[in-house]
Amino acid sequence: MVANVQDKHVELDKKKNSSGGSRGADPLLPAQCALLSRRPDYLTHPVTYNATFIPHAAFQPPEPLPHRYSDTIDTFSSYKYRNTCNISSLDLHAPFAPLCPDRESMVTAMSSGGRIGNDAPYMPRGCDMRWFSTEEICEILARFEKVIIIGDSMMRHVIGSINVMIREDLGYGAVTDWNFSPEERKDCFCNYQFNVKACSIQGIFKTADVVRNDPDSIACPVNSIDVMIEQMIRFPIASEELDRLRSLLPATKPSRPYAFIFGHGLWNDLDLQATLDWLDTILDTVLSQAPWVSPSSSLSSSGSSTSHGRKRETGFWPRLFLTPNAPGKDKPDEWIITQGNKATMIFEESVGIEVRKRGLEHLGTWNATVQSNKFDGVHVDLRGNLVKAMMVMNWLSMLEVESF
């Protein structure tokens with residue numbers, strides 16, 4: 001049987017605090033950044049190993065290899081408010097073998113999985129994903145100059161969940177708790193961090209804001225990661241929103257790659273053409289401001305719906321598109337026709353076809369969220385969003401950053 005083996009761990013920082021984190025560390029040097037912009041050996045050098053096969057079992061146990069250790073334990077055990085929030089990573093993901101061997105099979109498996117019961121652990125279909133430790137998450141994010149998330153409140157919850165993991169805080173990791181009032185500390189705690197009615201403006205939009213306001217809460221080395229969201233919720237896109245995006249993009253090629261993660265749909269009533277126009281406008285904006293993402297592309301920056309009608313085969317421009325959550329029982333009746341299960345499933349399938357024509361990869365979230373708890377029939381809770389964020393981390397982890 002073929003699997004992957006863990007390489008020697010690259011020590012991110014030697015100045016670890018007593019709890020094993022990296023808070024208060026010095027910024028990474030350029031040479032360290034170059035070293036971190038590599039994938040670990042277990043992703044690039046498959047080897048043979050002896051596996052124990054259990055006959056007639058629905059799922060085989062995960063491979064007995066070092067890099068799968070964190071998949072089998074509660075990685076939240078040392079997080080703040082772990083017991084109060086009562087969330088274990090093992091409640092969210094049940095590991096099994098085999099691990100998906102490449103990014104294409106990984107994204108397909110994550111999009112196609114399911115749960116054995118409401119809010120049961122999510123399991124990809126056919127092959128498994130990783131459940132990374134915080135240390136691994138820091139290492140993955142450090143491979144990129146920036147990870148830019150673009151979209152609506154669902155995407156805001158993805159970056160919120162990433163912040164929960166890099167801050168190791170289940171209680172307030174997704175929100176700006178450093179300036180909370182007593183009432184906000186009560187209303188935006190644990191699962192309720194993603195309550196869009198009470199806590200939407202308190203979400204963390206940039207890891208840079210955490211570095212500036214509460215640097216000791218980040219488990220990653222200082223200045224090693226940069227994750228942010230630009231909220232662009234509908235088409236047409238406001239000019240000031242595109243200007244903010246341009247301000248994030250250097251005209252010359254940086255030392256590490258940028259990764260882009262998109263999410264859109266509900267604010268345009270799952271109108272496929274509006275979503276494609278939204279996406280094409282953003283892609284044209286990125287290409288015109290930062291031509292290094294696809295140096296030999298001859299495509300125009302006209303913003304037309306046909307300007308991205310073929311894949312770009314050159315350059316390293318990693319892009320992932322997430323389609324919306326499955327609707328829940330509390331979805332308002334007025335939206336059932338345009339945003340109900342049938343419409344959402346058709347939209348997910350159609351978007352997957354179209355974005356792949358543009359060179360993007362597509363992560364469907366209907367399967368991951370259909371049996372997940374939702375506040376309002378639209379937005380999944382902390383548990384569901386942590387699963388979505390970890391799926392994004394799996395995609396990031398398998399990008400060939402060494403080719404940049």
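Going left to right, the sequence shown walks through residues 1 to 404 as UniProt numbering numbers them.
C-beta: ideal position from N, C-alpha, C; glycine also.
Taking 7 Å as the threshold (beta carbon to beta carbon), is Lys146 in contact with chain C? Absent from the structure: chain C. Only one protein chain is present.
Candidates Gly160, Glu402, Asn394: which alpha carbon is nearest Arg103's? Counting from one through the sequence shown, the residue named residue 103 turns up at place 103. Minimum Cα distance to Arg103 is reached at Asn394.
Quick check on the DSSP output: what are the complete alpha helix (DSSP H) runs of length 4 or more inside the region 106 to 165, in order along the chain? 134 to 141
With the cut-off set at 7 Å, would you say Val158 and Lys388 are in Cβ contact? Taking the sequence shown and counting its residues from 1, one reaches residue 158 at position 158. Taking the sequence shown and counting its residues from 1, one reaches residue 388 at position 388. Yes, the Cβ-Cβ distance between Val158 and Lys388 is below 7 Å.
Could you tell me how far apart the beta carbons of Asp169 and Tyr79 are, in whole angstroms, since I believe they sit closer than 8 Å? Translated into positions along the sequence shown, residue 169 becomes position 169. Translated into positions along the sequence shown, residue 79 becomes position 79. About 6 Å separates the two Cβ atoms, so the contact holds.
Could you have a look at Val293 and say whether DSSP puts it in helix, strand or coil? Walking along the sequence shown from the start, residue 293 turns up at place 293. Here Val293 sits in helix by DSSP.
For Leu363, I'd like the list of residues in its chain whose CB is within less than 8 Å of its CB, leaving aside the five on either flank, ordered along the chain. Position 363 of the sequence shown, counting from 1, holds the residue named residue 363. The residues are Val107, Met110, Ser111, Leu320, Phe321, Leu322, Thr323, Met391, Val392, Trp395.
Here's the rule I'm using: 16 or more other beta-carbon atoms within 10 Å means buried, otherwise exposed. How should Gln246 be labelled? Locating residue 246 in the sequence shown gives position 246, where the first residue counts as 1. Checking the displayed sequence, the identity of residue 246 turns out to be Arg instead of Gln. So Arg246 ends up on the exposed side.
Can you tell me whether Ile229 is helix, strand or coil according to DSSP? If you number the sequence shown from 1, residue 229 lands on position 229. DSSP places Ile229 in strand when its eight states are reduced to three.
I need the boundaries of the beta strand (DSSP E) containing Ile261, first residue and last residue. As a working mapping, residue 261 is identified with position 261 in the sequence shown. That run of the beta strand (DSSP E) goes 258 to 263.
Starting from the C-beta of Ile337, find all residues in its chain whose C-beta is less than 8 Å away, skip the five residues before and the five after it, and write them out in chain order. Working through the sequence shown from its first residue, we reach residue 337 at position 337. Around Ile337: Ala343.
Of the residues Cys100, Asn86, Ser88, the one placed nearest Pro62, counting alpha carbons only: The residue labelled residue 62 in the question sits at position 62 within the sequence shown. Checked all of Cys100, Asn86, Ser88; the closest Cα to Pro62 is Cys100.
Do the CB positions of Val222 and Gln202 come within less than 7 Å of each other? Taking the first residue of the sequence shown as 1, we reach residue 222 at position 222. Taking the first residue of the sequence shown as 1, we reach residue 202 at position 202. No, these two residues do not count as a Cβ contact at 7 Å.
Am I right that Leu248 and Ile140 are in contact with their C-beta atoms under 8 Å? What's the rounded C-beta distance? The count along the sequence shown starts at 1 and reaches residue 248 at position 248. The count along the sequence shown starts at 1 and reaches residue 140 at position 140. 20 Å between Cβ atoms; not a contact.
Looking at C-alpha atoms only, which residue of Gln371, Trp292, Arg39, Ala97 is the closest neighbour of Glu136? In the sequence shown, counting from the first residue as 1, residue 136 sits at position 136. The option with the nearest alpha carbon to Glu136 is Arg39.
In chain order, what residues of the same chain have a beta carbon less than 6 Å from the beta carbon of Phe404, not counting five sequence neighbours either side? By 1-based counting over the sequence shown, the position of residue 404 is 404. Pro257, Phe316, listed in sequence order.
How many Å lie between Leu270 and Ala326 at the Cα? Residue mapping note: residue 270 aligns to position 270 of the sequence shown, counting from 1. Residue mapping note: residue 326 aligns to position 326 of the sequence shown, counting from 1. Those two C-alpha atoms are separated by around 12 Å.
Would you give the residue range spanned by the beta strand (DSSP E) that Leu363 belongs to? Counting from 1 along the sequence shown, the entry for residue 363 is found at position 363. Start and end: 361 to 363.
Which runs of the beta strand (DSSP E) spanning at least 3 residues fall entirely within the region 319 to 373, listed in chain order? 319 to 322, 361 to 363
Once DSSP output is grouped into helix, strand and coil, what is the label at Gln60? Working through the sequence shown from its first residue, we reach residue 60 at position 60. The three-state secondary structure of Gln60, taken from DSSP, is strand.
Can you name, in chain order, every residue of its own chain whose Cβ lies under 6 Å from the Cβ of Met232, other than the five neighbours on each side? Position 232 of the sequence shown, counting from 1, holds the residue named residue 232. Around Met232: Ile150, Glu241.
In angstroms, rounded to a whole number, what distance separates the CA positions of Arg115 and Asp330? As a working note, residue 115 is residue 115 in the sequence shown. As a working note, residue 330 is residue 330 in the sequence shown. When rounded, the distance between both Cα atoms is 20 Å.
Straight-line CA distance for Asn163 to Asp333? Your numbering for residue 163 matches position 163 in the sequence shown. Your numbering for residue 333 matches position 333 in the sequence shown. In a straight line, the C-alpha of Asn163 is about 33 Å away from that of Asp333.
Alpha carbon of Val370 to alpha carbon of Val196, nearest angstrom: On the sequence shown, position 370 is the one that residue 370 refers to. On the sequence shown, position 196 is the one that residue 196 refers to. Each residue's Cα considered, the two are about 19 Å apart.
Quickly, what does DSSP pair Leu99 with across the bridge? List them, please. Within the sequence shown, the letter at position 99 stands for residue 99. Per DSSP, Asp128.
Please report the straight-line C-alpha distance between Thr367 and Gly113, rounded to a whole angstrom. Reading the sequence shown from its first residue, position 367 is the one you call residue 367. Reading the sequence shown from its first residue, position 113 is the one you call residue 113. Looking at the sequence itself, residue 367 is Asn, so the reference to Thr does not match. C-alpha separation (whole angstroms): 6 Å.
Report back the beta-carbon spacing between Ser217 and Arg167 to the nearest angstrom; my notes put them in contact at under 8 Å. Against the sequence shown, residue 217 aligns to sequence position 217. Against the sequence shown, residue 167 aligns to sequence position 167. About 5 Å; that satisfies the 8 Å criterion.
Does the distance from the CB of Asp74 to the CB of Ser88 come in under 7 Å? Here the question's residue 74 lines up with position 74 in the sequence shown. Here the question's residue 88 lines up with position 88 in the sequence shown. Yes, the pair counts as a contact, with Cβ atoms nearer than the cut-off.
Of all the options Ala94, Gly117, Ser153, which has the alpha carbon lying nearest to the alpha carbon of Cys127? Start at 1 with the first residue of the sequence shown, and residue 127 comes out as number 127. Measuring from the Cα of Cys127, the nearest candidate turns out to be Ala94.
Just to confirm the assignment, what range does the alpha helix (DSSP H) spanning Ser247 have? The sequence position of residue 247 within the sequence shown is 247, counting from 1. Element bounds for Ser247: 239 to 247.
Counting along the chain, where does the alpha helix (DSSP H) carrying Asn385 start and finish? In the sequence shown, counting from the first residue as 1, residue 385 sits at position 385. Its alpha helix (DSSP H) spans residues 382 to 397.
Quick check on the burial criterion: 16 or more other C-beta atoms within 10 angstroms. Buried or exposed for His56? For the purposes of this step, residue 56 is taken as residue 56 along the sequence shown, with counting starting at 1. The residue in question, His56, is exposed, as its Cβ has fewer than 16 Cβ neighbours within 10 Å.
Is the beta carbon of Arg356 sitting closer than 7 Å to the one on Leu92? Stepping through the sequence shown from its first residue, residue 356 is reached at position 356. Stepping through the sequence shown from its first residue, residue 92 is reached at position 92. Taking 7 Å as the Cβ cut-off, Arg356 and Leu92 do not qualify as a contacting pair.
With a cut-off of 8 Å on the beta carbons, I'd call Arg82 and Phe76 a contact; round off their distance for me. What you label residue 82 is simply residue 82 of the sequence shown in a count that begins at 1. What you label residue 76 is simply residue 76 of the sequence shown in a count that begins at 1. Indeed, because the Cβ distance is near 5 Å, the residues count as touching under 8 Å.
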